[in-house]
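The structure appears below as structure tokens.
2 protein chains.
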Amino acid sequence: MSPETVVLKLGGSVVTEKDRPETVDTAALQRAVAAVAESDAALVVVHGGGSFGHHHADEHGVSTTTGTRDPEGALAIHDAMVELNRAVVEALQAAGVAALPVQPLSAAARDEGGALSLATEPVERLLDEGFVPVLHGDVIAHEGEGVTVLSGDELVVALAPAVDADRVGLCSTVPGVLDDAGSVVDRVDAFADVADAVGDSDATDVTGGMAGKVRALLALGVPAQIFGPDALGAFLAGEAPGTTIAGGPE
Amino acid sequence: MSPETVVLKLGGSVVTEKDRPETVDTAALQRAVAAVAESDAALVVVHGGGSFGHHHADEHGVSTTTGTRDPEGALAIHDAMVELNRAVVEALQAAGVAALPVQPLSAAARDEGGALSLATEPVERLLDEGFVPVLHGDVIAHEGEGVTVLSGDELVVALAPAVDADRVGLCSTVPGVLDDAGSVVDRVDAFADVADAVGDSDATDVTGGMAGKVRALLALGVPAQIFGPDALGAFLAGEAPGTTIAGGPE
Chain A
1 MSPETVVLKL GGSVVTEKDR PETVDTAALQ RAVAAVAESD AALVVVHGGG
51 SFGHHHADEH GVSTTTGTRD PEGALAIHDA MVELNRAVVE ALQAAGVAAL
101 PVQPLSAAAR DEGGALSLAT EPVERLLDEG FVPVLHGDVI AHEGEGVTVL
151 SGDELVVALA PAVDADRVGL CSTVPGVLDD AGSVVDRVDA FADVADAVGD
201 SDATDVTGGM AGKVRALLAL GVPAQIFGPD ALGAFLAGEA PGTTIAGGPE
Chain B
1 MSPETVVLKL GGSVVTEKDR PETVDTAALQ RAVAAVAESD AALVVVHGGG
51 SFGHHHADEH GVSTTTGTRD PEGALAIHDA MVELNRAVVE ALQAAGVAAL
101 PVQPLSAAAR DEGGALSLAT EPVERLLDEG FVPVLHGDVI AHEGEGVTVL
151 SGDELVVALA PAVDADRVGL CSTVPGVLDD AGSVVDRVDA FADVADAVGD
201 SDATDVTGGM AGKVRALLAL GVPAQIFGPD ALGAFLAGEA PGTTIAGGPE
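What follows is the structure, given as structure tokens:
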């Protein structure tokens, strides 16, 4: 039986220190890496920006919809993300995981309406050859805007169908989708189940908020989990920790 | 009138010191950058590996056809190329060129027969948004082989039609295709014109040799020049220095 294919998102805030710009949370990264190294799955890893990407993006006024044509600004945001990516790739390789970097600036673009086009063949081929592609939030060319931000959540949504993922996991700083009372919701079958708790969102909001994550994962058609760092090992072992997002048509 | 679109290859040996591993030839790079900064063309820049990529590839036994599945070896080759790429991008930005890095590992793959698939939409979009994409020889996933080397010459051949290039220039350490007497051949219309001088080559040899370059450029259908570093400014100004490879069907 071939191993299952899993797309794993490591939230930027999970692996970086929130309060110190451009600082890897080494202990948290090592715990995540140790869990990944135990897994038999064919893995695609995506990570967010955490304290690396966000302040550069803010400084240059760049979001997923508002871009820049300043090459130095674009490079500063990209470089910060690449630096974090390098830390993740090297930690994974040191733990025996065949990680290799994949950078969205080289592989993705947006059209005028903001729709994402991601070249997934390199990721699929790396996966087939036994590597673990490690992607990250980045800046990408955007028609009419220069470059805009591509979020890790957008990457997950684009990659899962391309690699025919069996499961998707979003490892976040919270242990799942929380209800009004602050308890983890076990399962979400439709956005209406949690709309009151997570707030409103339109279908294109996949830039980091919980509402956008839930909407995007519901539309994926692949079982997804949202869970906290302590549950990463359980998720990779095949369990369903945190909140199950049922997927399939709403 | 919109500016012409030009794919420019800077040979690895043009911008690195041949006899010192992983050393940029800063003076040569600065001269090339100064010429590029004068150009009004919409430019895609490709550079080879020179003293950066080649010894790592040799050390790990990796070529365009023989691969590796060793993630540390793959990353070592990739890193060496990225380091050179970064030097080129930063020198261009410092001269006012809107350069951004594009890394083939993230954008390209080979099938079992070695045929290259390169995602060119990110390059096209960056170009349309006013940036100068700067690509480099790299390692890429190769079906059944792990990762193999992708040469700068292969990139030129794949990119020129994708960006609808008006002209292609290969800036090499030699001033053009040389005949038996060591003189620059003015124009090549068919491989037979220079076969005696450049040696034999099959159509898939685009890994750096002059015979392979001539064959590949002849098949492109876009006018191409092979010239030395001193002629870069003239080429970018619209002249036809060195050897003209006529292109079009043989």
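If you read the sequences in order, they're chains A and B. Residue 1 is where the first sequence starts when you use full-length UniProt numbering, and the numbers rise one by one after that. Residue 1 is where the second sequence starts when you use full-length UniProt numbering, and the numbers rise one by one after that. Even glycine gets a Cβ: it sits at the ideal position worked out from N, Cα and C.
Three-state secondary structure (DSSP) of residue i
| i | result |
| --- | --- |
| threonine 26 of chain A | helix |
| serine 106 of chain A | helix |
| valine 97 of chain B | coil |
| alanine 203 of chain B | Note that alanine 203 of chain B scores 45 on pLDDT, short of 50, meaning its location in the model is unreliable; the coordinates nonetheless yield the value given after this. If DSSP states are grouped into helix, strand and coil, alanine 203 of chain B belongs with coil. |
| proline 249 of chain B | Below a pLDDT of 50, predicted positions are generally treated as unreliable, and proline 249 of chain B, at 48, falls in that range; the measurement from the model is reported next regardless. The answer is coil: DSSP assigns proline 249 of chain B none of H, G, I, E or B. |
| arginine 167 of chain B | strand |
| phenylalanine 52 of chain A | helix |
| serine 117 of chain B | strand |
| histidine 47 of chain A | strand |
| residue 281 of chain B | No information on residue 281 of chain B is available, as it lies outside the stretch 1 to 250 that chain B covers here. |
| phenylalanine 227 of chain B | strand |
| valine 188 of chain B | strand |
| lysine 213 of chain B | helix |
| valine 14 of chain B | helix |
| leucine 150 of chain A | strand |
| alanine 181 of chain A | coil |
| aspartate 196 of chain A | helix |
| alanine 219 of chain B | coil |
| residue 297 of chain A | Coverage of chain A is limited to positions 1 through 250, which leaves residue 297 of chain A absent and any answer about it impossible. |
| alanine 160 of chain A | helix |
Selection from the options that minimises the alpha carbon distance to residue i
| i | options | result |
| --- | --- | --- |
| serine 214 of chain A | A:Val82, A:Gly176, A:Val62, A:His56 | It is valine, not serine, that sits at residue 214 of chain A in the sequence shown. Nearest C-alpha to valine 214 of chain A: A:Gly176. |
| valine 132 of chain B | B:His47, B:Thr26, B:Arg20 | B:His47 |
| alanine 246 of chain B | B:Gly238, B:Val156, B:Leu217 | B:Leu217 |
| glutamate 59 of chain B | B:Val44, B:Leu75, B:Asp128 | B:Leu75 |
| alanine 224 of chain B | B:Gly212, B:Gly233, B:Glu239, B:Thr244 | B:Thr244 |
| valine 157 of chain A | A:Thr16, A:Ala219, A:Pro71, A:Gly12 | A:Ala219 |
| glycine 50 of chain B | B:Asp19, B:Gly73, B:Ile226 | B:Asp19 |
| glutamate 154 of chain A | A:Ala141, A:Pro122, A:Leu118, A:Val163 | A:Leu118 |
| alanine 42 of chain A | A:Ala192, A:Ala98, A:Arg187 | A:Ala98 |
| glutamate 112 of chain B | B:Thr65, B:Asp189, B:Ala80, B:Pro71 | B:Thr65 |
| valine 185 of chain B | B:Asp166, B:Ala165, B:Ile226 | B:Ile226 |
| histidine 142 of chain B | B:Leu126, B:Ala115, B:Gln93 | B:Ala115 |
| alanine 87 of chain A | A:Val188, A:Ala27, A:Arg110, A:Glu72 | A:Ala27 |
| valine 44 of chain B | B:Gly212, B:Arg167, B:Val147, B:Gly228 | B:Arg167 |
| alanine 57 of chain B | B:Thr5, B:Thr120, B:Leu150, B:Val134 | B:Leu150 |
| alanine 35 of chain B | B:Cys171, B:Thr120, B:Ser183, B:Val188 | B:Cys171 |
| glutamate 72 of chain A | B:Gly53, B:Ala95, B:Leu84 | B:Ala95 |
| valine 134 of chain B | B:Pro229, B:Arg110, B:Asn85, B:Asp230 | B:Asn85 |
Neighbour-count burial assignment, residue i, 16 or more Cβ in a 10 Å radius
| i | result |
| --- | --- |
| glycine 221 of chain A | exposed |
| valine 206 of chain A | Confidence in valine 206 of chain A is poor, its pLDDT being 48 and thus under 50, which makes the residue's placement unreliable; the coordinate value appears in the next sentence. So valine 206 of chain A ends up on the buried side. |
| serine 2 of chain A | exposed |
| arginine 69 of chain A | exposed |
| glutamate 124 of chain B | buried |
| aspartate 25 of chain B | buried |
| glutamate 129 of chain B | buried |
| proline 122 of chain B | buried |
| leucine 232 of chain A | buried |
| alanine 32 of chain B | buried |
| glycine 242 of chain A | buried |
| threonine 173 of chain B | exposed |
| arginine 187 of chain B | exposed |
| proline 161 of chain A | exposed |
| aspartate 230 of chain B | exposed |
| alanine 192 of chain B | exposed |
Residue i vs residue j beta-carbon contact at 8 Å
| i | j | result |
| --- | --- | --- |
| proline 101 of chain B | valine 89 of chain B | yes |
| glutamate 145 of chain B | glycine 67 of chain B | yes |
| leucine 159 of chain B | valine 7 of chain B | yes |
| leucine 236 of chain A | serine 63 of chain A | no |
| aspartate 138 of chain B | histidine 78 of chain B | yes |
| alanine 80 of chain B | glutamate 17 of chain B | no |
| residue 280 of chain A | alanine 190 of chain A | Since the first residue of chain A shown is 1 and the last is 250, residue 280 of chain A is not available in this structure. |
| leucine 52 of chain B | glutamate 83 of chain B | Checking the displayed sequence, the identity of residue 52 of chain B turns out to be phenylalanine instead of leucine. Contact: yes. |
| valine 163 of chain B | leucine 127 of chain B | yes |
Expected contact under 8 Å - CB spacing of residue i and residue j to nearest Å
| i | j | result |
| --- | --- | --- |
| serine 106 of chain B | alanine 107 of chain A | 5 Å |
| glycine 152 of chain B | glycine 12 of chain B | 7 Å |
| residue 281 of chain B | lysine 9 of chain B | No answer is possible for residue 281 of chain B: it lies beyond the span of chain B, which begins at 1 and ends at 250. |
| leucine 109 of chain A | isoleucine 140 of chain A | Here the sequence assigns alanine to residue 109 of chain A, which means leucine is not the residue at that position. So it is a contact: roughly 6 Å between Cβ atoms. |
Any non-hydrogen atom of the ligand PLP within 7 Å of residue i CB
| i | result |
| --- | --- |
| isoleucine 140 of chain B | Looking at this structure, you won't find the ligand PLP or any other ligand, since it has none at all. |
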